[in-house]
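First up is the structure itself, then whatever we jot down about it.
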Amino acid sequence: MKFNSKGLEYLGSLKIAPKRTYTCHACEGRGINFSKLEDLIKKFDQVTVNRPKAISDYDQGFVTTQTVVGRIALMAERGDLEGKKLLVLGDDDLVSIAAGLSGMPTEIVVMEIDDRLVEYINEVANKYNLPIKAMKYDFRDKLPEEYVGYFDTFITDPPETIEALEICIGRGISALSKEGCAGYFGLTLIEASLEKWNVFQQILASKFKVVVTDIIHDFNHYVNWDYLLNTIGKQYEFVQVEPKLNWYRSSMYRIETLKDSKGIENEYKPCELYVDEEALIYRGDKA
């Protein structure tokens, strides 16, 4: 947004200073040297050219290639990927494929609710001989018993109601094997206020007894999804034009398990996944 001289004068009268940006354009603020990842970026784009489109049924919206590869680099740099067993809870971003192409994890399991993605990921894994197994799964359901306490690392991009955050991340923690394992997830300031961050951070520390080691602001950049204008909440009806720039972003959390860390009980957990008072979009008729 740009202001003319009168606009700037008005903002000055309100003592509102212009935002100053010093973000590195090459890494987009992630602190990652992408020049070392050019081969993976190119291969990922080639392999996923016919990926399934994002759909509103599951509140999907996938991230940019740089974000996906940035996640791989971050996990690798923290020692959470090479020689590790990786769980991907929901994967419209196709992080599993990028991880497989990197050659670092020994095993990758994808638990995904969308049949299209399960089929697609398994087809790609078979075609390129990647150590990936995708299965249909709703994180409200209990984890398969063989995967409780099985993984070294999990990554997910959860819905942002408090209930969904607690259950999704709780499932991920339940799937980790021991002290010193890691979980990664994104959290926005678009559909999650600082008040919600505070509540969820208390759940992480007090209930799950894990430590937050990293929060990287605006790490995750999302590609604009096709269904935005058809599903946007009533309070945002002034939005009438499809955005041209990728505007939806989230911070990347890394958590690590301690000796007394624990997830949630391994049983069915009903919850509201997508809609609360802070949700940007909703499903169904406008109200």
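Quick note on this note's numbering: the sequence shown kicks off at 1361 and runs consecutively.
Even glycine gets a Cβ: it sits at the ideal position worked out from N, Cα and C.
- Message: Please classify V1448 as buried or exposed, where buried requires at least 16 other C-beta atoms within 10 Å of its C-beta.
- Response: One-based indexing of the sequence shown puts residue 1448 at position 88. Per the 10 Å Cβ criterion, buried.
- Task: Count the C-beta pairs between the segment 1502-1514 and the segment 1478-1485 that are closer than 8 Å, then say yes if the count reaches three, no if not.
- Result: no
- Message: Which same chain residues end up closer than 6 Å to I1575 when comparing Cβ atoms and leaving out the 5 residues on each side of it in sequence?
- Response: For the purposes of this step, residue 1575 is identified with residue 215 of the sequence shown, where counting begins at 1. Contacts found: S1611, Y1613.
- Query: Can you name the start and end residues of the alpha helix (DSSP H) that N1482 belongs to?
  - Reply: Along the sequence shown, one-based indexing puts residue 1482 at 122. 1475-1488 is the extent of the alpha helix (DSSP H) around N1482.
- Following the continuous beta strand (DSSP E) through G1546, name the residue where it begins and the one where it ends. For the purposes of this step, residue 1546 is identified with residue 186 of the sequence shown, where counting begins at 1. Segment 1542-1547, the beta strand (DSSP E) holding G1546.
- Selection from V1469, C1387, A1542, V1470 that minimises the alpha carbon distance to G1430: Stepping through the sequence shown from its first residue, residue 1430 is reached at position 70. When each option's Cα is compared against that of G1430, the closest is C1387.
- Helix, strand or coil at T1425 according to DSSP, with G and I counted as helix: Along the sequence shown, read from residue 1 onward, the residue named residue 1425 stands at position 65. If DSSP states are grouped into helix, strand and coil, T1425 belongs with the helices.
- Query: Which one or two residues does DSSP pair with M1612 in a beta bridge?
  - Reply: Mapped onto the sequence shown, residue 1612 falls at position 252. The partner list for M1612 (beta bridge, DSSP) reads G1546, I1576.
- So which of I1529, E1539, V1559, K1379 has the shortest CA-CA distance to F1545? For this step, residue 1545 is matched to residue 185 along the sequence shown. Of the listed residues, the one whose Cα sits closest to F1545 is I1529.
- Using a threshold of 8 Å, state whether the C-beta atoms of I1473 and K1496 are closer than that. Numbered from 1 along the sequence shown, position 113 holds the residue referred to as residue 1473. Numbered from 1 along the sequence shown, position 136 holds the residue referred to as residue 1496. Taking 8 Å as the Cβ cut-off, I1473 and K1496 qualify as a contacting pair.
- Please work out which residues of its chain come closer than 8 Å, Cβ to Cβ, to N1626, disregarding the five sequence neighbours upstream and downstream, and give them in chain order. Position 266 of the sequence shown holds residue 1626. So the qualifying residues of the chain are K1502, L1503, E1505, V1508, S1534.
- Task: State buried or exposed for S1323, treating a residue as buried only when at least 16 other CB atoms are found within 10 Å of its CB.
- Result: Because the chain in this structure spans residues 1361 to 1647, residue 1323 falls outside the shown range and cannot be described.
- Task: For N1558, count neighbouring Cβ atoms within 10 angstroms of its own Cβ and tell me buried if that reaches 16, exposed if not.
- Result: Stepping through the sequence shown from its first residue, residue 1558 is reached at position 198. Exposed, since its Cβ has fewer than 16 Cβ neighbours within 10 Å.
- Query: What residues in its chain sit with their C-beta under 8 Å from that of H1577, if we drop five residues either side in the sequence?
  - Reply: Here residue 1577 is taken as the residue at index 217 of the sequence shown, counted from 1. If we look at H1577 and ignore the five residues flanking it on each side, its Cβ neighbours are G1389, S1611.
- Message: Give me, in chain order, the residues of the same chain whose beta-carbon lies closer than 8 Å to that of L1400; leave out the 5 immediate sequence neighbours on both sides.
- Response: Here residue 1400 is taken as the residue at index 40 of the sequence shown, counted from 1. Excluding sequence neighbours, L1400 sits near V1429, I1432, A1458, L1461, S1462.
- Residues in its own chain within less than 6 Å of V1470 by CB, not counting five upstream and five downstream? Reading the sequence shown from its first residue, position 110 is the one you call residue 1470. The residues are V1448, D1451, S1456, I1481, A1494.
- Query: Anyone know if the C-beta pair for I1468 and L1454 falls short of 8 Å?
  - Reply: For the purposes of this step, residue 1468 is identified with residue 108 of the sequence shown, where counting begins at 1. For the purposes of this step, residue 1454 is identified with residue 94 of the sequence shown, where counting begins at 1. Not closer than 8 Å, so no.
- In angstroms, rounded to a whole number, what distance separates the CA positions of L1368 and T1617? Stepping through the sequence shown from its first residue, residue 1368 is reached at position 8. Stepping through the sequence shown from its first residue, residue 1617 is reached at position 257. The alpha-carbon atoms of L1368 and T1617 are separated by roughly 48 Å.
- Cβ neighbour criterion (16 or more within 10 Å) applied to I1376: Taking the sequence shown and counting its residues from 1, the one referred to as residue 1376 is at position 16. Under a 10 Å Cβ-count criterion, I1376 is classified as exposed, with fewer than 16 other Cβ atoms of the shown protein chains found around its own Cβ.
- Residues that DSSP places opposite I1468 in a beta bridge: Position 108 of the sequence shown, counted from the start, is the residue given in the question as residue 1468. Paired residues: L1446, I1492.
- Taking Cβ positions, are G1540 and G1532 nearer each other than 8 Å? Here residue 1540 refers to the residue found at position 180 when the sequence shown is read from its first residue. Here residue 1532 refers to the residue found at position 172 when the sequence shown is read from its first residue. Against a cut-off of 8 Å, the Cβ pair of G1532 and G1540 comes out as no contact.
- Item | Length of the line joining the Cα atoms of I1615 and N1364 | Translated into the one-based positions of the sequence shown, residue 1615 becomes position 255. Translated into the one-based positions of the sequence shown, residue 1364 becomes position 4. Their Cα atoms are separated by approximately 44 Å.
- Message: Could you check whether D1512 and K1444 sit closer than 8 Å to each other, using their CB atoms as the reference points?
- Response: Translated into the one-based positions of the sequence shown, residue 1444 becomes position 84. Translated into the one-based positions of the sequence shown, residue 1512 becomes position 152. Yes. Within cutoff.
- Message: Going by C-alpha to C-alpha distance, which of F1422, K1403, F1404 sits closest to P1412?
- Response: Reading the sequence shown from its first residue, position 52 is the one you call residue 1412. Measuring from the Cα of P1412, the nearest candidate turns out to be F1422.
- Message: Taking the alpha helix (DSSP H) that F1404 belongs to, which residues open and close that run?
- Response: The residue labelled residue 1404 in the question sits at position 44 within the sequence shown. Annotation for F1404: the continuous alpha helix (DSSP H) segment containing it runs 1398-1407.
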